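Peer 1: Protein chains in written order, with the numbering used here: chain A, 1 to 484; chain B, 1001 to 1480.
Even for Gly, the Cβ is constructed at its ideal location relative to N, Cα and C.
Here the structure is a predicted model, which is why all the values come from computation and not from measurement.
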Ligand SMILES: [Zn+2]
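1. Tell me whether residue 1297(B) counts as near ligand 1, meaning its Cβ is closer than 6 Å to at least one heavy atom of that ligand.
2. Taking only heavy atoms of ligand 1 into account, decide whether any of them is closer than 6 Å to the Cβ of residue 1041(B).
3. Determine the direct distance from the alpha carbon of residue 1184(B) to that of residue 1346(B), and round the result to whole angstroms.
4. For chain B, check one thing: does any of its Cβ atoms lie closer than 7 Å to the Cβ of residue 139(A)?
5. Out of 1257(B), 1277(B), 1274(B), 1204(B), state which residue places its alpha-carbon closest to the alpha-carbon of residue 1240(B).
6. Keeping to the same chain, check which residues put their C-beta closer than 7 Å to that of residue 425(A); ignore five residues upstream and five downstream.
7. Under 8 Å, with one C-beta from each stretch per pair, do the stretch 1113 to 1121 of chain B and the stretch 336 to 355 of chain A reach the 3-pair mark?
8. So is residue 118(A) buried or exposed if we call it buried at 16+ other beta carbons inside 10 Å?
9. So, is the C-beta of residue 1281(B) closer than 7 Å to a C-beta in chain A?
10. When the Cα atoms are used, what is the spatial distance from residue 171(A) to residue 435(A)?
11. For the stretch 1287 to 1318 of chain B, which residues have a CB atom closer than 8 Å to at least one CB atom of chain A, in sequence order?
12. Tell me whether residue 1024(B) counts as near ligand 1, meaning its Cβ is closer than 6 Å to at least one heavy atom of that ligand.
13. Three Cβ pairs or more, each shorter than 8 Å: is that satisfied between the stretch 383 to 401 of chain A and the stretch 450 to 470 of chain A?
14. Go through its chain and collect everything with a Cβ distance to residue 385(A)'s Cβ below 8 Å, but skip five positions before and after it.
15. Going by DSSP, name the residue or residues bridged to residue 1130(B).
16. Beta-carbon separation of residue 1199(B) and residue 1230(B) under 7 Å?
17. Please report whether the beta-carbon of residue 285(A) lies at a distance below 7 Å from any beta-carbon of chain B.
18. Quick check: what's the CA-CA separation for residue 1285(B) versus residue 237(A)?
19. Measuring only the C-alpha atoms, how far is residue 346(A) from residue 324(A)?
20. So, residue 219(A) versus residue 476(A), is the Cβ gap smaller than 7 Å?
21. Would a C-beta distance cut-off of 7 Å place residue 362(A) and residue 333(A) closer than the cut-off?
22. Name the one or two DSSP bridge partners that residue 1254(B) has.
23. Answer with yes or no whether the minimum CB distance from residue 368(A) to chain B is below 7 Å.
24. Run the CB neighbour count on residue 12(A), radius 10 Å, all protein chains shown included, and call it buried at 16 or more, exposed below.
25. Can you give me, in chain order, the residues of the stretch 1195 to 1215 of chain B that have a beta carbon less than 7 Å from any beta carbon in chain A?
26. Run through the DSSP bridge pairs and tell me what residue 174(A) is partnered with.
27. Using a Cβ-Cβ cut-off of less than 7 Å, list which residues of the stretch 75 to 88 of chain A approach chain B; keep chain order.
28. Strictly under 7 Å for the Cβ-Cβ distance: is residue 204(A) near chain B by that measure?
29. Out of 1325(B), 1226(B), 1177(B), point me to the one whose CA is closest to residue 1155(B)'s CA.
30. With distances taken Cα to Cα, identify the nearest neighbour of residue 1254(B) among 1263(B), 1248(B), 1247(B).
31. I want to know whether the stretch 1007 to 1015 of chain B touches the stretch 1148 to 1164 of chain B - three or more CB-CB distances under 8 Å.
32. Which of helix, strand or coil does DSSP assign to residue 1356(B)?
33. Just the chain A side, please: which residues come within less than 8 Å of residue 1396(B) by C-beta, in chain order?
34. Could you tell me whether any Cβ in chain D is nearer than 7 Å to the Cβ of residue 1274(B)?
35. Taking only beta-carbon atoms, is residue 322(A) less than 7 Å away from chain B?
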């Protein structure tokens, strides 16, 4: 039996009914890794020993008659920008290649409480900056559907790991689409929760006001289960929202009759690959068939999301990444003369080109004399974008569109054209600027490559999104397709 | 020489007396081993987030209120970006355009004249760590960093450029220190760096309205240094102008050993701090009720207390001003007076012997081993005539050194005053017999000679004889 391709809820049932052990699940996943990792290269660090002993503890607890929480013994991959106590956390950057955090990110604490099993740390674009996983300073991850193509970014390693059976679930982080876009490219479910729903404590910051940790899964039920584990207020994160976390599986009823779904025309027009648009149109028909009410709507400031994002995110990044200076940890240039020389050489040698590009962009945008023209103006645009969504959600329960304008592109195809690379995220960026939740679910295929459907909801409307996503999933079989 | 005037503004950093740091739970204790009071948050490790300590906001509001400021209802934290190895994140969390408090003032009195000095703003920020060099910064082969101080909460209090002399600047800082100490939000120990002062100084010809080019003076760690440095800097700038040259805008440091200010860096190299709102910290919405609550908890401040000491105890203004320089000293005074109701005598002892011994031993009132109750007891012994004024000084010194009760000191040293007429009479007879020359002088009209005879009596009774009785008896016998 190929345990590594089952879902968490299937495995949980088998675990509880004693058909399998947690150790068997874990070993099955590591066997799979042994088999395909050479081609996929999803992981920066594997933690097999730790995973097996963790699984054994779950088995021991089960033997002693303890009730197992839903994710107990489930192998989870973790993006390498979440701090794991005692386990290397590199952000796929040369500057942190040897960094071992002395503390756990809050999400890791939650995973441990849930008795989930960490498989390893996954590859990503350096410091989560990128849309293809090609900006990793370590190596490039491949798309399991076609290894000549990218898995998407920046959480490409996590998406590829789940798609290839190298993990059952994964955590990623989404700053401008970094969970949803690779989920779309790899044919898995990926969700960016509401800003503040999941603690960012221990997530190595790219752009603090946009970053959000979220789940990757093979189906919507698994996504809800992982969301149940990671959501909640954290006193260590001032931007974390105090709210009562519902049981997200309670929304998975299959009933979406009368749900009002808006389809913003900005997400269906020019710039969207016609084949992708066709897949989304078919999905719209399915939703209509299920009794949802779909209607075209508009988010008029969508075209400004990209420029606003590429001022705000780099501005915050330029400050967040200032701490990597070679003084305390990570890479330090060797032949530096004095202090300033050490800062300059360390950062010149330690950061990759895309990170440098964004640091320079952000530094410029925050400089005296340019602040109002760029950063401040971008903040105003952000307010307008939020207002667009507020207005839309007065009328609609959800908004729907493609996750990405294209399917996974070939490796190397856009590497030398940053602007073209940035365009890949045009469908996802506005969601981060507005702080709302959104999901990407498999909606069909174009030329044997997955297409993601994006559902966006009101702040803390994760339940509504999951309800609709689940209903769609129950009536299609896109999520059951496997690569290879 | 043309007439010049100085324009001075002070920026004062005050360390708040919280148990934990501004954005984490690490201890703020002074003097621990290097890097002992640190955690991932104050070390700025990858992934950490700050959470503001509510006590810091409360203390900043309290300080703002004590300085007559308006408290913001909406405030926020910003990042001040610059590179320095003792700054773990390479940005400092501070406040930029929306500080917690603004538009305040305090009153100073210099040479009998009252003056109001404006407070521009009070804002909160985190402290940086410190670098430890082997030798000097330019020759050290390596530097070590101690992050114990990073994240220690500070408030920065910026004055208006309302001062015109070193005297005024010192008076301002003294008053500021007293007010902050009274509120209890800081102990304001300059020697431990919990009160640090920078001065902006410029000079212009009298009559000119626009400000001259300023220099920023850093690193003044005592009132004395502040006074000397400002005086020197004013003089220096006047000479520059007098020579027809221009003052350079720069940061200067006070070299205590050489008694001069030295250029640290000129403004051309100055940083663009790229301030922007810290996205990790939600803006602060300050409830009016909270501000009112804090206001209600404010203690009596130095000016009010000074006025009350004058009216309640009939003290001279001068005494009241000295006794209210710190809250502890004023408390000490009032506790004494409550137990021994002679306000001026208590004041004399505190401002006299006590102050002298504190100065000599470098103690603060909080270190003094004589409790107010003990001082009151001693004054009662003096009042009742059990000990003489002279003995009292001896007793007091012993109390200061040992912390013993006055009664115990008097007993142990056998210092009780001799008021036994018969005993004194006997000694007086002996002294008269032993000093015929002085007796003769006195009888010949040399009034001063009696002083010598009194001294002899005191000497042979080891100072214990009641001086009034000695005088009386001597006179009686000599005038016979
Ligand atoms: Zn700390």
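Peer 2: In terms of the structure at hand:
1. No, since every heavy atom of ligand 1 falls outside the 6 Å radius drawn around the Cβ of residue 1297(B).
2. True, at least one ligand heavy atom lies under 6 Å from that Cβ.
3. So the two alpha carbons sit approximately 25 Å from each other.
4. Output row for residue 139(A): interface = no.
5. Nearest option by C-alpha distance: 1204(B).
6. 131, 176, 177, 181, listed in sequence order.
7. With the rule of 3 Cβ pairs closer than 8 Å, the stretch 1113 to 1121 of chain B does not count as touching the stretch 336 to 355 of chain A.
8. A residue is called buried once 16 or more other Cβ atoms fall within 10 Å of its Cβ, and residue 118(A) is buried on that count.
9. Put simply, the CB of residue 1281(B) is near chain A, with a gap under 7 Å to one of its CB atoms.
10. Put simply, the backbone Cα of residue 171(A) is about 19 Å away from that of residue 435(A).
11. Here the close residues number zero.
12. Annotation for residue 1024(B) indicates a beta carbon within 6 Å of some heavy atom of ligand 1.
13. Touching, per the Cβ criterion.
14. Sequence-distant Cβ neighbours of residue 385(A) in its own chain, meaning closer than 8 Å and more than five residues away, are 299, 301, 302, 304, 305, 308, 430, 433, 434.
15. Under DSSP, the beta-bridge partners assigned to residue 1130(B) are 1146(B).
16. A Cβ-Cβ contact shorter than 7 Å links residue 1199(B) with residue 1230(B).
17. Taking CB atoms only, residue 285(A) has no neighbour in chain B less than 7 Å away.
18. Take the alpha-carbon of residue 1285(B) and the one of residue 237(A): they are about 17 Å apart.
19. Taking the straight line from one Cα to the other gives about 8 Å.
20. Residue 219(A) is not a Cβ neighbour of residue 476(A), given a cutoff of 7 Å.
21. Cβ atoms of residue 362(A) and residue 333(A): not closer than 7 Å.
22. For residue 1254(B), which the question treats as bridged, DSSP gives the partners 1261(B).
23. The C-beta of residue 368(A) comes closer than 7 Å to at least one C-beta of chain B.
24. By the neighbour-count criterion, in which a residue is buried when 16 or more other Cβ atoms sit within 10 angstroms of its Cβ, residue 12(A) is buried.
25. Going along the stretch 1195 to 1215 of chain B in chain order, one finds no residue with a Cβ nearer than 7 Å to chain A.
26. Paired residues: 212(A).
27. For the stretch 75 to 88 of chain A, the set of positions with a beta-carbon nearer than 7 Å to some beta-carbon of chain B reads 83 in chain order.
28. Contact of residue 204(A) with chain B is assigned, a C-beta pair being separated by under 7 Å.
29. 1177(B) is the residue among 1325(B), 1226(B), 1177(B) whose C-alpha sits nearest the C-alpha of residue 1155(B).
30. For residue 1254(B), the closest alpha carbon among the candidates 1263(B), 1248(B), 1247(B) is that of 1263(B).
31. With the cut-off at 8 Å, the stretch 1007 to 1015 of chain B and the stretch 1148 to 1164 of chain B touch.
32. Reduced to three states, the DSSP call for residue 1356(B) is helix.
33. Within 8 Å Cβ-Cβ: nothing; residue 1396(B) doesn't reach chain A, min ~54 Å.
34. Absent from the structure is chain D; the protein chains it does hold are A and B.
35. In terms of beta-carbon proximity, residue 322(A) lines the interface with chain B, with at least one pair separated by less than 7 Å.
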